[in-house]
Amino acid sequence: MKLITWNIQWCRGCDGRVDPVRIARACRDMTDFDVLCVQEVARGFDSGLEGSHGEDQFRLLADALPGYALIEGVATDRAAHSVGGARRQFGNAIFSRLPVLQAFRHLLPWPADPAGPSMQRVAVEIIIRSKGHDLRVTTTHLEYYSPPQRAAQVEHLRALQAEAAGHSVVRPGQLRADHVATPFEPGARPASAILAADFNFLPSDPSYARLQALIDAGVPAYRDAWAIAHSGTAHAPTVGVHDKAQWPGDPFCFDFIFVTEDLAARVESVEVNAVTDASDHQPVLLRLAD
1 MKLITWNIQW CRGCDGRVDP VRIARACRDM TDFDVLCVQE VARGFDSGLE GSHGEDQFRL
61 LADALPGYAL IEGVATDRAA HSVGGARRQF GNAIFSRLPV LQAFRHLLPW PADPAGPSMQ
121 RVAVEIIIRS KGHDLRVTTT HLEYYSPPQR AAQVEHLRAL QAEAAGHSVV RPGQLRADHV
181 ATPFEPGARP ASAILAADFN FLPSDPSYAR LQALIDAGVP AYRDAWAIAH SGTAHAPTVG
241 VHDKAQWPGD PFCFDFIFVT EDLAARVESV EVNAVTDASD HQPVLLRLAD
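Numbering (the numbering used here), first residue to last: 1 to 290.
Put into structure tokens, the structure is as follows:
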């Protein structure tokens, strides 16, 4: 299975041009991917986001990726900026050509922090079926400005992993004939998972270690797929590689793919595409053996 994660900066490249088709093309140029996780997707922002004119980027990306199911997760949802305009929405999305059995949208904690700006964040989770195995894939985009908010969001991601592990076993008391084909019918929610995102933390940040810490007995913890595939090698940078206007210092890594420890042996490779300048971030590709 091949998965790409990418903060696409509302489809805005280093040339200032907003182009969803270019984003889709860059991903396809990397590989014939099965799952694409994207962060910073916009709809209805006809002002405020440089280069955007309010286009529905969720739809435009879906149009550019025929054969993929779109699961969108809106974090910011506000009234139109002008009379008759579309609602202003901002969030993340997952595109999958593998069967999507269930989808969840989790609003992440947003405790008040007067120290600086922030926004609501969302985690989008899907359960896919690949080669007869069910697997959870979650994408999110953690807070940039507020370390306390980001730490709270890491704790919530850990709690969601524990919750999924609890749901991974369907017990006899949950099975009732009159619940078949109703919302009460148990659905697959395995503990085996991939978490791919712009985490807005460095490998040296305590939140990086905290996300991978033991959660509870019987709950598979997360492990950094890059560290599995490139043991002892520093992370390739994913931010500031091309966009020196926004990121004038040395490039660094904010974008990671974590897998639960039961999937570690299946990690074949993790690569960062350092060539494309279609966003201020670089896409990351995970190959997972079937």
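In this text, a Cβ means the ideal position worked out from N, Cα and C, and glycines have one as well.
Note that the coordinates shown come from a computational prediction; the quantities given were computed from them, not determined experimentally.
### Message
DSSP three-state label for Gly173, please.
### Response
helix
### Task
With a threshold of 16 other CB atoms inside 10 Å of the CB of Thr140, please say whether the residue is buried or exposed.
buried
### Query
Taking all protein chains shown into account, do 16 or more other C-beta atoms lie within 10 angstroms of the C-beta of Asp280, making it buried, or fewer, making it exposed?
buried
### Task
Less than 8 Å between the CB atoms is what I'm expecting for Thr260 and Pro220, so what's the real figure, rounded?
4 Å
### Query
Run through DSSP, which three-state label would Asp216 get?
strand
### Query
Would Leu135 pass as a contact of Ser96 if the rule is Cβ separation under 8 Å?
no
### Between the CA atoms of Ser146 and Ala115 - distance to the nearest angstrom
Using only the alpha carbons, I get a separation of about 8 Å.
### Task
Would you mind stating whether Asn7 and Asp224 have Cβ atoms separated by less than 8 Å?
Contact flag unset, no.
### Enclosing alpha helix (DSSP H) for Gln161 [first to last residue]
Per DSSP, the continuous alpha helix (DSSP H) segment holding Gln161 begins and ends at 147 to 167.
### Query
Between the region 32 to 46 and the region 3 to 22, do three or more beta carbon pairs fall short of 8 Å?
Inter-segment contact for the region 32 to 46 and the region 3 to 22 is present: three or more beta-carbon pairs are separated by less than 8 Å.
### Message
Considering Cα atoms alone, identify which of Ala209, His133, Met119, Arg105 is closest to Ile126.
### Response
Arg105
### Task
Would you kindly report the start and end of the unbroken alpha helix (DSSP H) that includes Arg25?
Start and end: 20 to 30.
### Task
Go to Phe58, then tell me how far its alpha helix (DSSP H) extends in each direction, as first and last residue.
Phe58: member of the alpha helix (DSSP H) spanning 57 to 64, first to last residue.
### Task
Report all residues from its chain with a CB closer than 6 Å to the CB of Ile228; omit the five preceding and five following residues, and keep chain order.
Ala264, Val267
### Task
Sort out for me which residues DSSP pairs Trp6 with in a bridge.
Val38
### Query
Which whole runs of the beta strand (DSSP E) in the region 74 to 107 are 3 residues long or more, in chain order?
88 to 96, 100 to 107
### Task
Identify whether Arg121 lies in helix, strand or coil by the three-state DSSP scheme.
Correct three-state label for Arg121: coil.
#### Entry: Where Ala196 sits in the DSSP three-state scheme
strand
### Stretch-stretch touch, CB-based, cutoff 8 Å, three pairs: the region 21 to 28 with the region 57 to 74
Output reads yes: the region 57 to 74 touches the region 21 to 28.
#### Entry: Proximal residues to Ala278 (C-beta, below 6 Å), its chain only, five neighbours per side dropped
Gly13, Arg22, Ile23, Ala26
### Message
Can you tell me where the beta strand (DSSP E) holding Asp134 begins and where it ends?
### Response
133 to 141
### Whether Leu195 touches Leu142 by CB criterion (8 Å)
no
#### Entry: Beta-ladder partner(s) of Leu285, from DSSP
Ile4, Glu271
### Query
What are the residues that DSSP puts in a beta bridge with Glu72?
Ala93
### 8 Å Cβ cutoff met for Arg17 and Phe45
no
### Inter-residue spacing [alpha-carbon to alpha-carbon] between Leu60 and Gly173
One C-alpha to the other measures close to 44 Å.
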